[in-house]
Amino acid sequence: MFPGSMRRFLCFTRRPMAILRLMVLVPFVVWSVCQIGCSSGSSTVQKVTPPPPPPPAALGGSNYGWYYLTSSCDREPYGVVYNYNTAAATIDSQLQQMYNNGQRRLRIPIYHARGINSGTIMDSTGGTLAPQFLTNLTNLLAAIKAAGFVEIEVSFHPQSINNPLVWTTFSSDYFQENWSVIQNVRSIVSAAGIPYHLDLLNEGIPPLSYPLLLQYDQMLWNDYVAKFGNKDTLGFSIIADAAHLGQVSTVYGPSAYGNEGSPQLFDVHIYDETGNSFATAFNSLSSQGYGGVPWIIGEAYYNDAAEAAAQRAEITSTGQQVLYLTQWPVTSNMSCSTAVNVAPPADFSNYAAEKF
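So for the sequence shown, this note's numbering puts the first residue at 4; every next one is plus one.
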């Protein structure tokens, strides 16, 4: 049988010799085409290796506070918010790298103190940050949203005398400055168009025998909730040890400064002895009546496989709901620095493998 195109050709060809020539020609043409198009010779066929699949998207991500470190791990001149106007290209590239590596949430620290501009710490004299820093924060949040991140936490880290942990007497002056900074920053964060929570004082739940910090917390919490409600704040992040955890119900319970209740979400920081620390947090918070409150693990060692596995094991064992984890940019060996030794915190693979 000839193919349909051959039959049509024969219908229009009346001379026998033409048919004979065609019958001889067709096999030769087919053979020639096969030699060109079907050859396995390396000169005509190149194997294309497909790109590796993207890493699975995690739920969480990183504390992103610094875009560069010196060889001695000095972070101070390289704050992300402080320098966004001069380092936007670098920071935007790092955001995209973190997103491409599967990270989906970030925790952004705000370091401030009266009269200090350090490259990380921003002057908060008068209860606000300089216009350039407020613009930087606005533009940074826009870049985070544009990169594809789905949620942020913004944490407040007052430094020097603005830090109530170092007070020897209660300072209404510095309290009001910090409270005003929170309100001014909140207005920018809430307008950024990305879901968020605020940590009103990083690791602010006081240990026992710190009455000035306890007063600060009770005043700030009740002022904040009275004005804004409790849906967009997780109160004060908590160090996962017995001394701090035991004070949670005291901070959020009835006090001379109000009785606005407790957060709908806790931020717990877990580093060393992960399993024991997690269990301590779970047992202490449950015993104070917070057994059904979800957690964020707001700080943990950078991309630590052992910690990731231990956290997941405790979640499975206790049934505690953990929404996501944001790693702090310091490794468990703390080489070079005990504060920060990674910039940017690009890798999240070990936490992603445990579905954080």
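Ideal Cβ positions, reconstructed from N, Cα and C, are used throughout, including at glycine.
- Asn66 has Arg110 as its beta-bridge partners, per DSSP.
- DSSP places Gly278 inside the alpha helix (DSSP H), whose first and last residues are 277-290.
- For Asp220, the enclosing alpha helix (DSSP H) begins and ends at 214-231.
- Look at Leu204 here: in three-state DSSP terms it is strand.
- Nearest to Leu201 by C-alpha distance, out of Val188, Glu263, Ile208, Ser212, is Val188.
- In this structure, DSSP gives Gln330 an extended state, which the three-state scheme calls strand.
- Secondary-structure assignment with DSSP links Tyr199 through a beta bridge to Ile155.
- In the DSSP assignment, Val271 falls within the beta strand (DSSP E) that extends over 269-272.
- Trp182: not part of any beta strand (DSSP E); member of the alpha helix (DSSP H) spanning 175-193, first to last residue.
- At the C-beta level, Ile119 and Ser158 stay beyond 8 Å of one another.
- Relative to Ala355, the option among Asp270, Leu328, Leu223 whose CA is nearest is Leu328.
- About 5 Å separates the Cβ atoms of Glu263 and Asn225, confirming a contact at the 8 Å cut-off.
- Taking His160 as the centre and dropping the five residues before and after it, the same chain places the C-beta of Pro112, Ile113, Tyr114, Asn205 closer than 7 Å to its C-beta, in chain order.
- Per DSSP, Glu302 is one residue of the beta strand (DSSP E) stretching across 298-302.
- Distance from the Cα of Phe269 is smallest, within the candidate group Gly301, Ala246, His247, Ser280, for Gly301.
- With fewer than 16 neighbouring CB atoms inside 10 Å of its own CB, Gln135 falls in the exposed class.
- Taking C-beta separations shorter than 6 Å and ignoring five residues to either side along the sequence, the partners of Leu168 in its chain run Leu216, following chain order.
- If you look at Gln99, you'll find it in the alpha helix (DSSP H) that goes 87-103.
- The stretch 292-307 and the stretch 328-341 touch, with three or more beta-carbon pairs separated by less than 8 Å.
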